[in-house]
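Taken in sequence, the protein lines are chains A and B. Under my numbering, read the first sequence as residues 8 to 361, first letter to last. Under my numbering, read the second sequence as residues 4 to 297, first letter to last. Every residue gets a Cβ at the ideal spot worked out from N, C-alpha and C, and that includes glycine. Accompanying notes for the structure given below.
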Amino acid sequence: MRTAVRTFGPLVAIAALAVLLLVVAPAVLSPFRLNNLGKYCCWAIAAVGIGLAWGRGGMLVMGQGVFFGIGGYAMAMHLKLEAAGPEGVPDFMMLYGDGTMPVWWEPFRSGAFTLFAIVALPAVAAAILGYAIFKRRVKGAYFAILTQALAVVFATLLIATIQETGGFNGLNQFTFFFGYNLYDPVNKKMVYSIAAALLIGCLVVVWQLYRSRFGELLVATRDAEERVRFLGHDPANVKLAAFVIAAVMASIGGAMFAPIAGIISPSDVDATASIFLIAGVALGGRALLLGPALGALAVGYGRSSLSESFPDQWTYFLGALFIVVILLFPAGLGSAFGRAAALVPLPRRKETTS
Amino acid sequence: MDSFTTPLLAGTATGALLLIAALGLALTFGQMGVINMAHGEFLMAGAYTAFLTQQVVTNADVSILVALPAAFVVAGLLGLLLEVTVIAWMYRRPLDTLLVTVGVGLFLQQLAKDVFGAQGDPVRTPSWLEGNLPVFGYHWPYRQMFTIVLAVVALAALAALLKYSSFGRQIRATVQNRDLAETVGVRTRAVDRITFFVGSGLAGIGGVAVSLISGTNPRLGTAYIISAFLVVVAGGLGQLKGTVIAAFAVGIATSFFADWTSASMAQVATFALVVVFLQLRPQGLFTVRSRGLA
Numbered sequence: 008m009r010t011a012v013r014t015f016g017p018l019v020a021i022a023a024l025a026v027l028l029l030v031v032a033p034a035v036l037s038p039f040r041l042n043n044l045g046k047y048c049c050w051a052i053a054a055v056g057i058g059l060a061w062g063r064g065g066m067l068v069m070g071q072g073v074f075f076g077i078g079g080y081a082m083a084m085h086l087k088l089e090a091a092g093p094e095g096v097p098d099f100m101m102l103y104g105d106g107t108m109p110v111w112w113e114p115f116r117s118g119a120f121t122l123f124a125i126v127a128l129p130a131v132a133a134a135i136l137g138y139a140i141f142k143r144r145v146k147g148a149y150f151a152i153l154t155q156a157l158a159v160v161f162a163t164l165l166i167a168t169i170q171e172t173g174g175f176n177g178l179n180q181f182t183f184f185f186g187y188n189l190y191d192p193v194n195k196k197m198v199y200s201i202a203a204a205l206l207i208g209c210l211v212v213v214w215q216l217y218r219s220r221f222g223e224l225l226v227a228t229r230d231a232e233e234r235v236r237f238l239g240h241d242p243a244n245v246k247l248a249a250f251v252i253a254a255v256m257a258s259i260g261g262a263m264f265a266p267i268a269g270i271i272s273p274s275d276v277d278a279t280a281s282i283f284l285i286a287g288v289a290l291g292g293r294a295l296l297l298g299p300a301l302g303a304l305a306v307g308y309g310r311s312s313l314s315e316s317f318p319d320q321w322t323y324f325l326g327a328l329f330i331v332v333i334l335l336f337p338a339g340l341g342s343a344f345g346r347a348a349a350l351v352p353l354p355r356r357k358e359t360t361s
Numbered sequence: 004m005d006s007f008t009t010p011l012l013a014g015t016a017t018g019a020l021l022l023i024a025a026l027g028l029a030l031t032f033g034q035m036g037v038i039n040m041a042h043g044e045f046l047m048a049g050a051y052t053a054f055l056t057q058q059v060v061t062n063a064d065v066s067i068l069v070a071l072p073a074a075f076v077v078a079g080l081l082g083l084l085l086e087v088t089v090i091a092w093m094y095r096r097p098l099d100t101l102l103v104t105v106g107v108g109l110f111l112q113q114l115a116k117d118v119f120g121a122q123g124d125p126v127r128t129p130s131w132l133e134g135n136l137p138v139f140g141y142h143w144p145y146r147q148m149f150t151i152v153l154a155v156v157a158l159a160a161l162a163a164l165l166k167y168s169s170f171g172r173q174i175r176a177t178v179q180n181r182d183l184a185e186t187v188g189v190r191t192r193a194v195d196r197i198t199f200f201v202g203s204g205l206a207g208i209g210g211v212a213v214s215l216i217s218g219t220n221p222r223l224g225t226a227y228i229i230s231a232f233l234v235v236v237a238g239g240l241g242q243l244k245g246t247v248i249a250a251f252a253v254g255i256a257t258s259f260f261a262d263w264t265s266a267s268m269a270q271v272a273t274f275a276l277v278v279v280f281l282q283l284r285p286q287g288l289f290t291v292r293s294r295g296l297a
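What follows is the structure, encoded as structure tokens:
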């Protein structure tokens, strides 16, 4: 009984979240709120990956915006080309350039290629960078700083290439999502459902990873990398796998973000955006299964509602959130609740122990 | 000759700025393992101190000389405040200090935006820094040369402090072995606080230099912090010479890349260069040898 609760309890929690997001939310929320919730789901997908890399793997990934951006821009390029029609050229290229399209845009006309690229591009990029970093045993703060530098470089590059990527404005004004008109509320709801379903899917994936041998090895690497090495494993491979999975999840989140938000721009993927993604993970509890996702949903909601009422004060809240959470609840609010609950002697606990 | 001297000399000035910013970082990172991401905002505080000093001392020729010590004290006190209120509570959690100071940085940036406005303010150049020196066809602005002088003076002062003063010996003892230093009577916590004051103060000096070149701006710190950290990473910890070489190498390399391609491509190239360099020397240029496993 006890092991069954421990094994399948998390699955029940994921199922409850699935019901909330996929059944309850579409029924009760207005289309505008539902669309916002869709955005939070996209951030939460990226946050689940950060939970894997940072919470379980001990790698503070401060540049997940880059992978979020790779997925987001890949999807946005496809939507842009879909809006332009066959043989068409995205509108901003006429505006800022001479109306010729760079060759590397061409494959994104194909929806299948785009979906492939959303998974493959971040995986390859993360694998190359991760291999270079982990194999040489660069870790801790050095790793964090390198990933943040990557985010800065990525955003700078996007802003500089206005003719190819829309520059500071990013890519926006999408009309179709794989043939479905995005102005139709029914289709909007469908896009939201896909994002929410992907979030649930990612949670199931990390649930399985956490209870696998790989998950054990990852936590062991986080807590005592040298001992793992002495036992004959290569910690670099373990970390690399977690980093690549986290990158792919961020990319999937970004890919769904573009059609839901209707825009992807450098400010969605730069260093500040990457830090924003971490905020949710830190708040919810980095090493927990549901912590990162719930934290990201909460921070996303906080951002929307606070920027509605105090547009400029949001940054103060984000800053204060980091200071308070990391200083007082380093394991996140989820763990704090868990510890508080453990202090209360629940009758159920007695049953299971007897 | 022009395409060589221009990036070389301008890059040396950039390197000098990076050096001032990185010196303080290397000091706090090296000694306490604290990664202070708000260091860039201390740079910004220094720039705004220069701006405010000019409002009080309207003579630009004199105000800059007042601003330098003032900025040192302002940024230093900010650092001290940060150390006492936040960082003191989280030693041995280096990655967490990184995140907390990110939060502090965001906070200070927004504060500057609210107090001084999102647009930057210009800082007038003193007349004795107007003009330039022609070197092989490049008109080298005195302002850039001033930055280099400032960096060299800051470096010399810091090196002398570390090498010859008894306080410097205490710092080095704390860096090398905190527990042992404590055992022989070094008050390591007091040393930490003063180190943080000095390290942050150096950022203030850097901020004054930046303000002469590009004025003030709430986001000024973010432009330098990442490069400064790359310098610290590439230079290795524990020895100033690594930081010095890395700062000028990064500054000059960025300047050449920018000359050959564009400013944004230069950032990409510099980042790639640092990653490749870490393949060769994962611990940075120089490092204190130890038998530790890390």
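- Task: Classify residue 287 (chain B) as helix, strand or coil using the three-state DSSP reduction.
- Result: Correct three-state label for residue 287 (chain B): coil.
- Item | Beta-bridge partners of residue 142 (chain B), as assigned by DSSP | B:137
- Message: So if I threshold CB-CB distances at 9 Å, which residues from the segment 90-108 of chain B count as touching chain A?
- Response: 92, 93, 96, 97, 98, 99, 100, 101, 102, 103, 104, 105, 106, 107, 108
- Whole-angstrom distance between residue 347 (chain A) and residue 251 (chain A), CA atom to CA atom: 35 Å
- Task: Could you name the residues of the same chain whose beta carbon sits closer than 8 Å to that of residue 107 (chain A), not counting the 5 residues immediately before and after it, in chain order?
- Result: 96, 100
- Just the Cα atoms here: how many angstroms apart are residue 286 (chain B) and residue 38 (chain B)? 16 Å
- Message: Whole angstroms are fine: how far does the CA of residue 81 (chain B) sit from the CA of residue 335 (chain A)?
- Response: 22 Å
- Query: So what's residue 178 (chain A) in DSSP terms, helix, strand or just coil?
  - Reply: strand
- Item | Bridge partners - residue 184 (chain A), DSSP secondary structure assignment | The partner list for residue 184 (chain A) (beta bridge, DSSP) reads A:187.
- Members of the segment 264-291 of chain B that neighbour chain A once the beta carbon cut-off is set at 7 Å: 265, 267, 270, 271, 274, 278, 281, 282, 285
- 8 Å Cβ cutoff, residue 76 (chain B) in contact with chain A: no
- Does the beta-carbon distance from residue 43 (chain B) to residue 225 (chain B) come in below 8 Å? yes
- Task: Write down the C-beta distance between residue 326 (chain A) and residue 110 (chain B) rounded to the nearest angstrom, noting that I regard them as a contact closer than 8 Å.
- Result: Residue 326 (chain A) to residue 110 (chain B), Cβ: 3 Å. Contact.
- Query: Can you tell me the Cα-Cα spacing of residue 149 (chain B) and residue 161 (chain B), whole angstroms?
  - Reply: 18 Å
- Hey, how far is the Cα of residue 194 (chain A) from the Cα of residue 42 (chain A)? 11 Å
- Item | Any 3 or more C-beta pairs closer than 8 Å across the segment 35-49 of chain A and the segment 218-228 of chain A | no
- Contact residues within the segment 17-38 of chain B, judged by C-beta distance below 7 Å to chain E: Judged by its chain identifiers, the structure shown contains no chain E, and its protein chains are A and B.
- Of the residues B:52, B:262, B:281, B:23, which one's Cα is nearest the Cα of residue 70 (chain B)? B:52
- Figure out for me which residue from A:152, A:319, A:186 has the closest Cα to the Cα of residue 69 (chain A). A:152
- Query: residue 34 (chain B): which of B:140, B:21, B:200, B:88 sits nearest, CA to CA?
  - Reply: Looking at the Cα atoms, B:200 is the closest of the given residues.
- Message: At the level of alpha carbons, what is the spacing between residue 96 (chain B) and residue 282 (chain A)?
- Response: 18 Å
- Consider the Cβ of residue 178 (chain B): report whether some Cβ of chain A lies at a distance smaller than 8 Å. Under the Cβ criterion of 8 Å, residue 178 (chain B) is not counted among the residues facing chain A.
- Message: Suppose you measure from the CA of residue 34 (chain A) to the CA of residue 79 (chain A); what does that come to, to the nearest Å?
- Response: 28 Å
- Message: What does the alpha-carbon distance come out to for the pair residue 212 (chain B) and residue 18 (chain B)?
- Response: 12 Å
- Message: Between the alpha carbons of residue 71 (chain A) and residue 10 (chain A), how many angstroms are there, rounded?
- Response: So the alpha carbons of these two residues sit roughly 35 Å apart.
- Query: Within 10 angstroms of its Cβ, does residue 329 (chain A) collect 16 or more other Cβ (buried), or is it exposed?
  - Reply: buried
- With residue 44 (chain A) as the anchor, note down where its alpha helix (DSSP H) starts and where it stops. 38-57
- Message: Can you look up residue 174 (chain B) in the DSSP assignment and give me helix, strand or coil?
- Response: Three-state DSSP puts residue 174 (chain B) in a helix.
- Helix, strand or coil at residue 366 (chain A) [DSSP, three-state]: Examination of residue 366 (chain A) is not possible in this model, given that chain A is present from 8 through 361 alone.
- Message: Check whether the segment 143-163 of chain A and the segment 261-281 of chain B are in contact - that is, three or more C-beta pairs closer than 8 Å.
- Response: yes
- Query: Is the distance from the Cβ of residue 50 (chain A) to the Cβ of residue 307 (chain A) below 8 Å?
  - Reply: yes
- Query: Could you give the residue range of the alpha helix (DSSP H) that holds residue 79 (chain B)?
  - Reply: 63-88
- Query: Does the beta carbon of residue 251 (chain B) sit closer than 8 Å to a beta carbon anywhere in chain A?
  - Reply: Residue contact check for residue 251 (chain B) against chain A: no CB pair falls below 8 Å.
- What does residue 117 (chain B) touch in chain A if you count any residue whose Cβ is under 8 Å from its own? 319
- Message: Do residue 22 (chain B) and residue 154 (chain B) have their beta-carbon atoms positioned less than 8 Å apart in this structure?
- Response: The answer is yes: Cβ separation under 8 Å.
- residue 270 (chain A) by DSSP, collapsed to three states: which one? strand
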